[in-house]
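Read in order, the letters of the sequence shown correspond to residues 1 to 183 in full-length UniProt numbering.
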Amino acid sequence: MLKIWSMKQKQQQAENAAAGGSKKKKITAAQLRVQKDLSELALGSTMRTDFPDPDDILNFILTIDPDEGMYVGGRFSFSFAINQNFPHDPPKVKCREKIYHPNIDLEGNVCLNILREDWKPVLNLNAVIVGLQFLFLEPNAADPLNKDAAEDLKTNRESFKRNVRASMAGGQVRKERFDKVTK
1 MLKIWSMKQK QQQAENAAAG GSKKKKITAA QLRVQKDLSE LALGSTMRTD
51 FPDPDDILNF ILTIDPDEGM YVGGRFSFSF AINQNFPHDP PKVKCREKIY
101 HPNIDLEGNV CLNILREDWK PVLNLNAVIV GLQFLFLEPN AADPLNKDAA
151 EDLKTNRESF KRNVRASMAG GQVRKERFDK VTK
C-alpha cells in the first residue's frame, strides 16, 4: 500500500511539473518585434542600452554620449516604454535628465516627428535611436518643445552654445537649474 501511495505521489509531482512547464508566459507580437529590432541595432561606441529588468525588453534605457556637436562631452539617457501595440504605436521616449535643448522640454518629452505623426509600423527602434542622436548633432529650432532654447538657437547661435555649456555643467539658464550631464 505504501509503495502504491509513493508511486501516486511521484506521478502527481510529474504531472504538476509538466503542467507548470507548459504555463510559460506567452510571447507577444510586440516582444517579438522588439527582440528583432534590438538584435539588428548597430550601436556605435557613443551609445548603449541597459535593461533594468532583464526579463522586460519592452522597457529599457538608451544612453547617448555625443562625440561631436554642441552637446559633446555630455551623457544623456532616454527611457523607452513600448506598449503591446508596437509597432503600430511608436515607443514612448523620455529624456531622463533636465537639459537645455529646443526639442526636449524640461519634463523630458522629446519632439521627434517619427515619435508622433510620422510614425509608421515599418520604422524600427534603430530609426528612433538615429533620430535622437541627430537631435544632438543638429537641434531643430523650427519644431520646438522648449521655445526659449529654440529662440536662442534662432537668434544668437553663440549665446545658445554658451547656454548649452552652462546647462550641461549643472548651471542655470533663464532662472532654470539643469542637471549636470558632463562626464
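Glycine is no exception: its CB is placed at the ideal position from the N, C-alpha and C atoms.
Of the residues assessed, A142 falls on the exposed side of the cut-off, its CB having fewer than 16 other CB atoms within 10 angstroms. Under the three-state reduction of DSSP output, V164 falls in the helix class. In this structure, DSSP gives R157 a helical state, which the three-state scheme calls helix.
Within the DSSP secondary-structure output, T182 pairs in a beta bridge with G74. Between Q133 and K25, the alpha-carbon positions lie close to 34 Å from each other. DSSP assignment within the UniProt domain "UBC core" (29 to 173) yields the following whole alpha helix (DSSP H) runs of 4 residues or more, N-terminal first: 29 to 39, 125 to 137, 147 to 155 and 157 to 168. Within its own chain, the residues whose Cβ lies closer than 7 Å to the Cβ of G131, once the five positions on either side in sequence are excluded, are L112 and I114, listed in chain order. With a 10 Å radius around the Cβ and a threshold of 16 neighbouring Cβ atoms, L153 comes out buried. The region 86 to 106 makes no contact with the region 47 to 54, as fewer than three CB pairs between them are under 8 Å. For the pair G74 and E176, the Cα-to-Cα distance works out to about 18 Å. When the beta-carbon positions are compared, M168 and T155 stay at least 8 Å from each other.
Per the coordinates, the alpha-carbon of G170 lies some 42 Å from the alpha-carbon of I27. Relative to the Cα of Y71, the nearest Cα in the group E138, F178, L145 and A81 belongs to E138.
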